[in-house]
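Below is one structure, written out as structure tokens, with a few remarks after it.
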Amino acid sequence: MRKRWMSLLVTGLLVGGALVPATPALAAPTFRVPFPCGQSWSGQTRSDHSPAYAVDFNRTDDQGDPVVASAPGTVDRVTDLGGTSYGKYVRINHGGGYSTYYAHLSGFNVSVGQTVGYGKVIGWVGSTGGSTGPHLHYEQRLNGADIQVRFNGTLALYWGTKSYTSGNGCSSGSGNATVDTSGTPLTVRSGPGTGYASVGTVADGTRVTIACQTSGTTVTGTYGTSSIWDRIGSGRFIADAYVYTGYDGYIPGIPRC
Numbered sequence: 001m002r003k004r005w006m007s008l009l010v011t012g013l014l015v016g017g018a019l020v021p022a023t024p025a026l027a028a029p030t031f032r033v034p035f036p037c038g039q040s041w042s043g044q045t046r047s048d049h050s051p052a053y054a055v056d057f058n059r060t061d062d063q064g065d066p067v068v069a070s071a072p073g074t075v076d077r078v079t080d081l082g083g084t085s086y087g088k089y090v091r092i093n094h095g096g097g098y099s100t101y102y103a104h105l106s107g108f109n110v111s112v113g114q115t116v117g118y119g120k121v122i123g124w125v126g127s128t129g130g131s132t133g134p135h136l137h138y139e140q141r142l143n144g145a146d147i148q149v150r151f152n153g154t155l156a157l158y159w160g161t162k163s164y165t166s167g168n169g170c171s172s173g174s175g176n177a178t179v180d181t182s183g184t185p186l187t188v189r190s191g192p193g194t195g196y197a198s199v200g201t202v203a204d205g206t207r208v209t210i211a212c213q214t215s216g217t218t219v220t221g222t223y224g225t226s227s228i229w230d231r232i233g234s235g236r237f238i239a240d241a242y243v244y245t246g247y248d249g250y251i252p253g254i255p256r257c
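Under the numbering used here, think of the first position of the sequence shown as 1, with each following residue one higher.
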């Protein structure tokens, strides 16, 4: 949670009389199966795969089926390697050193620098690169090294084939949060940015319901610098940098506006 991370970052550990900077490990994102809500896919792992912990996903007639982001993040690579290796692939940076790869795509639906959330279509299943048939090659990485894949915190099957049903993008709920401005009322805007018209204020300490989140003007506030904006009503947006949600980025399960 934001307050906790901020306090940990500025607090050191006293070891043998010396002040050692605290370096807490960041929690992994809640990754979900990289396909639309309700779909079931066969995921295969094998020890001779490259890299070893990658998962190959298949289902009948899957050529051209949509592939979606498995967690919120920022697209930092959209690359076509032609007839070799991953072929057409997308990489998403989820923060904290975590990233995901989506390879052998038939086409792209995102661009570098784009912010994506759960359920966002990033491309389509294909057989580009070194593939011998249509499938999605999927990886989770930490600081560049492949790690064993987890969905909703549960470890994928190693080694073998298992059916996975997607819960990605299913939620249409809302989230509760608290405005924290250290006393000053927070301006409510008609859109996600400081350039939009002011349509009112909310008082410090107000409990708000977030219907969806989106990106907009970058704002520095109580919880650092963020480009995330929270919609709290029709045509009513507030800067997430002043809102305590319990998360350092997008709230898992909350839709993108």
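Backbone N, C-alpha and C fix where the C-beta goes; we use that ideal spot for every residue, glycine too. Predicted, not measured: the structure shown is a model, and the values here were computed from it.
Span of the beta strand (DSSP E), counted from its first residue to its last, around residue i
i    : result
R207 : 207–210
H104 : 98–108
D80  : 73–80
T45  : 40–45
A145 : 145–147
Y247 : No beta strand (DSSP E) contains Y247, which DSSP labels as neither H nor E.
S198 : 198–202
K88  : 88–95
D56  : 55–58
T225 : 224–233
P66  : 66–68
F237 : 236–239
G123 : 121–125
Y138 : 136–142
Straight-line Cα distance separating residue j from residue i
i    : j    : result
V121 : G38  : 15 Å
D76  : V112 : 5 Å
V68  : Q114 : 14 Å
D80  : Y86  : 8 Å
G233 : G96  : 31 Å
G160 : R46  : 6 Å
A22  : T209 : With a pLDDT of 41 at A22, under the threshold of 50, the modelled position of that residue is not reliable, and no figure is offered here.
F31  : D240 : 22 Å
D62  : Q44  : 15 Å
Y98  : S226 : 19 Å
V199 : A71  : 32 Å
A25  : S42  : A caution first: A25 carries a pLDDT of 48, below 50, which makes its placement in the model unreliable, though a value can still be read off. So the alpha carbons of these two residues sit roughly 32 Å apart.
N143 : K162 : 27 Å
T184 : T201 : 10 Å
P29  : G195 : 31 Å
C212 : T181 : 21 Å
T214 : I254 : 10 Å
G191 : V179 : 18 Å
Y223 : G175 : 18 Å
G205 : A197 : 23 Å
R207 : V33  : 32 Å
P252 : I92  : 16 Å
T245 : I228 : 12 Å
T64  : N152 : As written in the sequence, residue 64 is Gly, which differs from the Thr given in the question. The alpha-carbon atoms of G64 and N152 are separated by roughly 25 Å.
A203 : G169 : 32 Å
F108 : L186 : 39 Å
G82  : Y158 : 30 Å
Proximity below 7 Å, CB of residue i to CB of residue j
i    : j    : result
G117 : Y250 : yes
Y272 : V90  : This structure does not reach residue 272, given that the chain is present from 1 up to 257, and the question cannot be answered.
H104 : T128 : yes
W124 : P66  : yes
S106 : G119 : no
H49  : G73  : no
G193 : G221 : no
D248 : I238 : no
T154 : S40  : no
V188 : R236 : yes
A177 : V243 : yes
T100 : G130 : no
Check: residue i C-beta below 6 Å from any heavy atom of the ligand PLP
i    : result
G249 : Only the bare structure without any ligand can be found here, which leaves the ligand PLP out of the picture.
Touch test, the stretch 47–54 against the stretch 136–148, Cβ-Cβ under 8 Å, three pairs minimum: yes
Quick one: any contact between the stretch 54–68 and the stretch 133–144, if contact means 3 or more CB pairs under 8 Å? yes
Pick out the complete beta strand (DSSP E) segments inside the stretch 153–185, 3 residues or longer, and give them in chain order. 160–165, 175–179
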